[in-house]
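Heads up: the protein sequence lines correspond to chains A and B, in order.
Read in UniProt numbering, the first sequence has 42 at position 42, and its numbers run on one by one without any break.
Read in UniProt numbering, the second sequence has 633 at position 633, and its numbers run on one by one without any break.
C-beta: ideal position from N, C-alpha, C; glycine also.
Step one of this worksheet: look at the structure below.
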Amino acid sequence: MYKPRILVVEDDKAVRNLITTTLETQGYQYHTASTGGESIMEAISNQPDVVILDLGLPDMDGVDIIKKIRGWSNMPIIVVSARSEDRDKIDALDAGADDFLTKPFSVEELLARLRVTLRRLRYDVEKAGKSSSVFVNGELKIDYAAGCAYIADAEVHLTPIEYRLLCLLAKNVGKVLTHNYILKEVWGNALPGDTPSLRVFMATLRKKIEKNPSQPQYIQTHIGIGYRMLRIPE
Amino acid sequence: METQRPNPDLLLQQIMGEEQKRQVRGKLKIFFGYAAGVGKTYAMLEAAHQASKAGIDVAVGYIEPHARPDTLALLDGLELIPPLLMDHKGVAIREFDLDRALARRPQLILIDELAHTNADSCRHAKRYQDVEELLKAGIDVYTTVNVQHLESLNDVVASITGITVRERLPDTVFDNADQVELVDIEPDELIQRLSQGKIYQKRQARQALAHFFSKTNLVALREIALLRSAERVNKTAEKRDYYAGEHILICLSASPSNAKVIRTAARMADAFHGKFTALFVERETESETVAQRGLTENLRLAEQLGARIATVYGDDVAYQIAEYAKASGVTKVIIGRSNNVKYWWSSKANLVERLTSLAPALDIYIIPDTLSPYRNKRRLLGKVQGEGFSFEDVAVSLAILIFTTLLGFWFDHLKFGEASIIMLYILGVLVTALVTKGKLYSAFSSLISVFAFNYFFTAPQFAFQVFDTEYPVTFLFLLIVSIIVSTLTSKVKMQAKQAAQKAYRTEVLLETSQHFQSAQTQQEILTELARQMLRLLDRTVLIYPVKEEQQELSEPLVFAKDAELESELYTTPDERAVAVWVYKNNKHAGATTNTLPGARCLYMAVRSHETVFAVAAIAIGQRETLGAFEKNLLVAMLGECGLALEKDLVTKTKNQIAIQAQQEQLRANLLRAISHDLRTPLTSISGNAGILMENGDILNEEKKKQLYSDILDDSIWLINLVENLLSVTRIENGTMNLTMQSELVDEVIQEALRHVNRRSSEHDIRVNLEDDMLMAKMDSRLILQVIINIVDNAIQYTDPGSHITIAARKSKDMILFEISDDGAGIPDEAKSKLFDMFYTVDKNRGDGRRGLGLGLSLCKSIIHAHGGIIGVKDHAPHGLTFYFTLYSEEVNCDV
Numbered sequence: 001m002y003k004p005r006i007l008v009v010e011d012d013k014a015v016r017n018l019i020t021t022t023l024e025t026q027g028y029q030y031h032t033a034s035t036g037g038e039s040i041m042e043a044i045s046n047q048p049d050v051v052i053l054d055l056g057l058p059d060m061d062g063v064d065i066i067k068k069i070r071g072w073s074n075m076p077i078i079v080v081s082a083r084s085e086d087r088d089k090i091d092a093l094d095a096g097a098d099d100f101l102t103k104p105f106s107v108e109e110l111l112a113r114l115r116v117t118l119r120r121l122r123y124d125v126e127k128a129g130k131s132s133s134v135f136v137n138g139e140l141k142i143d144y145a146a147g148c149a150y151i152a153d154a155e156v157h158l159t160p161i162e163y164r165l166l167c168l169l170a171k172n173v174g175k176v177l178t179h180n181y182i183l184k185e186v187w188g189n190a191l192p193g194d195t196p197s198l199r200v201f202m203a204t205l206r207k208k209i210e211k212n213p214s215q216p217q218y219i220q221t222h223i224g225i226g227y228r229m230l231r232i233p234e
Numbered sequence: 001m002e003t004q005r006p007n008p009d010l011l012l013q014q015i016m017g018e019e020q021k022r023q024v025r026g027k028l029k030i031f032f033g034y035a036a037g038v039g040k041t042y043a044m045l046e047a048a049h050q051a052s053k054a055g056i057d058v059a060v061g062y063i064e065p066h067a068r069p070d071t072l073a074l075l076d077g078l079e080l081i082p083p084l085l086m087d088h089k090g091v092a093i094r095e096f097d098l099d100r101a102l103a104r105r106p107q108l109i110l111i112d113e114l115a116h117t118n119a120d121s122c123r124h125a126k127r128y129q130d131v132e133e134l135l136k137a138g139i140d141v142y143t144t145v146n147v148q149h150l151e152s153l154n155d156v157v158a159s160i161t162g163i164t165v166r167e168r169l170p171d172t173v174f175d176n177a178d179q180v181e182l183v184d185i186e187p188d189e190l191i192q193r194l195s196q197g198k199i200y201q202k203r204q205a206r207q208a209l210a211h212f213f214s215k216t217n218l219v220a221l222r223e224i225a226l227l228r229s230a231e232r233v234n235k236t237a238e239k240r241d242y243y244a245g246e247h248i249l250i251c252l253s254a255s256p257s258n259a260k261v262i263r264t265a266a267r268m269a270d271a272f273h274g275k276f277t278a279l280f281v282e283r284e285t286e287s288e289t290v291a292q293r294g295l296t297e298n299l300r301l302a303e304q305l306g307a308r309i310a311t312v313y314g315d316d317v318a319y320q321i322a323e324y325a326k327a328s329g330v331t332k333v334i335i336g337r338s339n340n341v342k343y344w345w346s347s348k349a350n351l352v353e354r355l356t357s358l359a360p361a362l363d364i365y366i367i368p369d370t371l372s373p374y375r376n377k378r379r380l381l382g383k384v385q386g387e388g389f390s391f392e393d394v395a396v397s398l399a400i401l402i403f404t405t406l407l408g409f410w411f412d413h414l415k416f417g418e419a420s421i422i423m424l425y426i427l428g429v430l431v432t433a434l435v436t437k438g439k440l441y442s443a444f445s446s447l448i449s450v451f452a453f454n455y456f457f458t459a460p461q462f463a464f465q466v467f468d469t470e471y472p473v474t475f476l477f478l479l480i481v482s483i484i485v486s487t488l489t490s491k492v493k494m495q496a497k498q499a500a501q502k503a504y505r506t507e508v509l510l511e512t513s514q515h516f517q518s519a520q521t522q523q524e525i526l527t528e529l530a531r532q533m534l535r536l537l538d539r540t541v542l543i544y545p546v547k548e549e550q551q552e553l554s555e556p557l558v559f560a561k562d563a564e565l566e567s568e569l570y571t572t573p574d575e576r577a578v579a580v581w582v583y584k585n586n587k588h589a590g591a592t593t594n595t596l597p598g599a600r601c602l603y604m605a606v607r608s609h610e611t612v613f614a615v616a617a618i619a620i621g622q623r624e625t626l627g628a629f630e631k632n633l634l635v636a637m638l639g640e641c642g643l644a645l646e647k648d649l650v651t652k653t654k655n656q657i658a659i660q661a662q663q664e665q666l667r668a669n670l671l672r673a674i675s676h677d678l679r680t681p682l683t684s685i686s687g688n689a690g691i692l693m694e695n696g697d698i699l700n701e702e703k704k705k706q707l708y709s710d711i712l713d714d715s716i717w718l719i720n721l722v723e724n725l726l727s728v729t730r731i732e733n734g735t736m737n738l739t740m741q742s743e744l745v746d747e748v749i750q751e752a753l754r755h756v757n758r759r760s761s762e763h764d765i766r767v768n769l770e771d772d773m774l775m776a777k778m779d780s781r782l783i784l785q786v787i788i789n790i791v792d793n794a795i796q797y798t799d800p801g802s803h804i805t806i807a808a809r810k811s812k813d814m815i816l817f818e819i820s821d822d823g824a825g826i827p828d829e830a831k832s833k834l835f836d837m838f839y840t841v842d843k844n845r846g847d848g849r850r851g852l853g854l855g856l857s858l859c860k861s862i863i864h865a866h867g868g869i870i871g872v873k874d875h876a877p878h879g880l881t882f883y884f885t886l887y888s889e890e891v892n893c894d895v
């Protein structure tokens with residue numbers, strides 16, 4: 001069986017141990033790096049499947065590392081940060097990170113995020129072969145060519161903006177999209193005054209596709225940061 | 001002050017503490033000569049070459065283009081700052097380019113002819129002001145001056161050469177120069193040079209020789225120059241801060257001869273090292289128009305020569321001077337002879353006599369008044385216009401006379417006696433004095449009344465003849481009585497007007513001061529100032545407040561005179577630049593001043609001591625000036641405002657210190673609480689982990705699980721504590737830094753529930769929303785903290801199995817959140833203290849450490865920062881309800 005390779009970039013020894021021990025118990029392969037410079041060397045030489053990156057490294061700013069890696073690779077990056085300020089997370093996500101975890105985090109949470117990311121990765125690989133005019137995720141199906149969305153094979157009636165929102169989330173499934181990014185992509189601009197309408201459209205969209213909108217299955221909210229569509233395990 | 005590249009020399013100088021101030025400022029060296037052609041510019045350039053060789057960065061700012069060939073040759077090898085080329089009425093003129101020089105920033109700059117008057121479009125009216133700015137910027141300046149340009153010597157030189165020099169330099173500039181080098185040459189040699197054509201072209205030279213450069217003139221000028229330099233050396237040698245007890249006073253007037261008095265007094269004040277005050281006695285009789293301009297000029301001159309200006313109000317000049325002199329310890333009064341004319345008809349003693357009697361201790365100096373043709377013309381002009389001739393008043397006087405005469409005929413017809421008619425005429429004169437301005441009309445009325453009485457009512461009627469010898473006496477008395485009456489009346493009127501003006505001034509100042517007292521913020525004080533200024537001056541007023549932190553001016557507050565949008569005229573970058581200059585230099589500038597007179601506004605600093613709090617701008621049209629009264633009042637008002645602002649600043653600082661102290665106290669309490677409460681869970685964590693490591697083998701699975709879960713619980717408790725502490729520090733560091741966004745209430749509650757204590761599984765938590773599209777404005781991270789804290793609290797203080805309900809609904813423009821439990825509730829007296837910091841219910845409970853007393857007080861701070869309210873009430877039938885409100889967000893879904 002294929003063991004995914006994870007690069008763990010963390011300067012604190014105890015946390016690094018915690019992460020690697022967790023990975024070991026779940027049968028992942030891992031490499032470690034404790035500085036920014038090292039992390040880039042490792043990323044180049046070992047080509048890991050996923051990078052778990054601590055933002056507060058002694059030698060480099062984590063956001064710069066993300067930008068460097070994004071310069072040549074699309075490998076998923078999960079950011080781990082002790083900073084509780086949302087701004088740092090948003091900067092990291094906008095720089096190209098896929099997901100984030102805030103310290104302190106539980107081991108289960110880390111593993112869940114990792115699974116989500118790997119699922120997306122696997123899907124991307126499978127998808128590479130097929131033509132992708134149809135998006136399928138659990139019971140959700142989007143027919144890009146027809147411009148229609150279905151839940152359990154029943155068509156969902158969406159307004160143009162809801163449909164555009166859904167497509168954007170579907171195309172970035174598994175990835176956290178920041179409010180600004182969504183506003184820019186769907187509305188074409190990013191005025192802060194538009195966030196309330198984004199919230200409302202997201203809520204109506206959810207009502208249409210989620211079975212229980214307060215326990216969402218497809219679209220996850222990250223308060224103060226953005227939204228993400230989850231990949232439903234098959 | 002601009003930042004300078006640190007260089008070792010500068011650092012060294014800074015260490016030499018006392019010298020520091022002078023070093024930061026540039027040094028001024030003046031090459032001083034007694035006539036053109038003595039070689040000042042030449043000497044200056046040679047000095048510059050030497051400096052350049054010594055490695056100093058030298059640039060030539062301005063050299064007169066008509067300099068002699070030998071001199072121009074010396075310019076080789078020196079960097080020239082290109083002059084500003086300007087077009088003045090079709091004639092191209094060259095001016096020193098101050099801004100380029102400041103940008104270039106050499107260590108030393110050469111500027112010829114310090115006394116030069118700049119073209120209108122330059123920043124300053126005078127070149128020495130340019131130089132002042134260079135010095136302030138830390139640039140050394142070499143410059144040249146001829147003796148006839150010195151302000152105080154102006155008259156002396158003019159009396160020798162017969163030429164009045166227009167370009168004059170205040171003596172203070174000369175005396176405060178760091179170095180003055182006298183460039184001297186024998187007059188014979190100078191004349192020789194001149195005739196060789198070295199100074200002027202041949203033809204001009206002959207002319208110059210005949211007029212200015214006569215040997216006697218040159219010898220005299222040289223003597224003056226040498227004396228002046230010597231005097232300066234004396235002054236520098238004796239530069240002391242005390243006054244030798246002498247206080248010299250002059251009385252300002254609009255008369256052109258006043259300038260000479262001012263100069264003489266300034267020289268005298270210098271010689272005695274005395275104080276120098278120019279007193280202006282404002283009288284009603286002072287006409288406003290032409291004379292005003294003369295007065296402004298004299299006032300400016302006195303200021304330049306270092307006089308302190310004082311204004312008093314009153315009609316009796318001698319009395320006012322004497323009073324002021326007594327009050328201010330004046331020792332010497334200098335008076336020009338023109339102030340001293342005694343008219344033959346005047347019953348009053350003249351000024352000097354009156355002064356001598358009123359203030360016998362005073363030395364009085366009288367300066368002869370030499371007339372020049374220029375001045376005579378001026379004075380004639382002043383006379384005609386100065387009386388304020390008005391046809392209206394003439395018509396009124398005549399009408400009163402005619403009416404009086406008609407009434408007199410009627411009296412005559414009724415056979416009333418002459419005495420009644422005389423009284424009638426006196427009454428007429430009195431009325432005339434009341435309704436007209438100035439004594440002139442009533443005086444003429446008196447005269448005409450006498451003639452009219454003679455002509456119409458005395459035998460023979462209708463002829464200027466009298467038969468009765470008694471009549472001339474009657475006429476004389478009529479004349480005298482009516483003149484006295486009219487004088488008295490107009491005097492009373494004048495005093496009433498002065499009193500009214502004074503009262504108005506006092507009233508305005510008092511009111512302004514009261515308004516300042518009641519104003520709370522800088523903004524309010526400045527608005528009040530502007531409102532008062534607008535009322536007083538009826539001109540558009542702009543106020544540029546100074547931003548405290550950035551040390552720069554913020555956008556102006558505009559208070560336009562009319563509603564029409566003329567304000568753009570006054571907010572151009574050029575106008576703003578003037579305001580900035582005023583702020584940086586703490587001096588008046590703009591319209592009606594010598595600095596940047598082209599501006600549309602007069603700019604004045606609102607200051608207290610040396611701190612400038614704001615810059616006030618007053619729109620002044622071309623050829624307009626502010627009256628002395630208005631200006632005085634304005635300055636007083638600005639001063640008052642400066643004090644108010646300073647007080648405001650002091651109060652603010654005090655408050656800040658108080659807040660800081662309070663925060664320190666809080667922090668200390670917090671630390672004490674934490675250090676106690678952290679130990680317990682840490683002991684449990686480290687102890688349990690230790691047992692597991694050492695004795696892991698002998699413990700059974702169930703026991704191990706218990707220990708693991710204890711470690712987890714305690715660490716989660718620590719995590720929550722840390723989260724709360726972080727939020728606390730965010731609030732404590734001054735104002736809370738909120739990042740407000742609109743969030744769906746539903747999403748926030750769901751997110752919060754994901755983070756509540758894991759023991760929540762033992763409780764039944766329900767969410768009850770009126771509308772799942774409710775949206776509120778909040779800092780989501782902090783509001784999450786609020787909900788988590790309250791729900792955790794409910795979980796902690798109720799038994800497992802209790803119900804917790806989270807509800808939210810809209811009420812007006814707020815969203816009301818209610819979190820209720822059906823636990824035991826708390827007694828009423830505890831409710832009021834619940835939100836206090838470090839308050840925990842039931843301290844003697846075993847796991848008291850579970851409540852640090854931080855959570856709810858934090859909730860209170862957060863909700864208050866959001867502009868909402870928070871509270872607690874009983875929940876029926878039992879339990880507690882916590883409620884708080886947030887502003888709701890109206891959503892527009894049409895986007």
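DSSP three-state call for residue i: helix, strand or coil?
{"i": "A:Tyr-28", "result": "coil"}
{"i": "A:Ala-152", "result": "coil"}
{"i": "B:Asp-87", "result": "strand"}
{"i": "B:Asn-154", "result": "helix"}
{"i": "B:Ile-870", "result": "strand"}
{"i": "A:Leu-18", "result": "helix"}
{"i": "B:Asp-70", "result": "helix"}
{"i": "B:Pro-545", "result": "strand"}
{"i": "B:Val-558", "result": "strand"}
Going by other Cβ atoms of all chains shown within 10 Å of its Cβ, with 16 needed for buried, is residue i buried or exposed?
{"i": "A:Tyr-2", "result": "exposed"}
{"i": "B:Leu-726", "result": "exposed"}
{"i": "B:Trp-581", "result": "buried"}
{"i": "B:Asn-454", "result": "buried"}
Is the Cβ of residue i closer than 9 Å to any Cβ of chain A?
{"i": "B:Ser-684", "result": "no"}
{"i": "B:Leu-784", "result": "yes"}
Can you pull the chain A neighbours of residue i, defined as C-beta to C-beta under 7 Å?
{"i": "B:Ser-780", "result": "Ile-223 and Gly-224"}
Are the C-beta atoms of residue i and some chain B residue less than 9 Å apart?
{"i": "A:Thr-195", "result": "yes"}
{"i": "A:Pro-104", "result": "yes"}
{"i": "A:Arg-228", "result": "no"}
- [ ] Using a Cβ-Cβ cut-off of less than 9 Å, give me the residues of the region 201 to 213 of chain A that come near chain B, in sequence order.
- [x] Taking a C-beta cut-off of 9 Å against chain B, the contacting residues of the region 201 to 213 of chain A are Phe-201, Met-202, Ala-203, Thr-204, Lys-207 and Pro-213, listed in chain order.
Open item on the list: Closer than 9 Å between beta carbons: that is the criterion. Which residues of the region 630 to 649 of chain B meet it against chain A?
Closed with: Answer set for the region 630 to 649 of chain B: empty.
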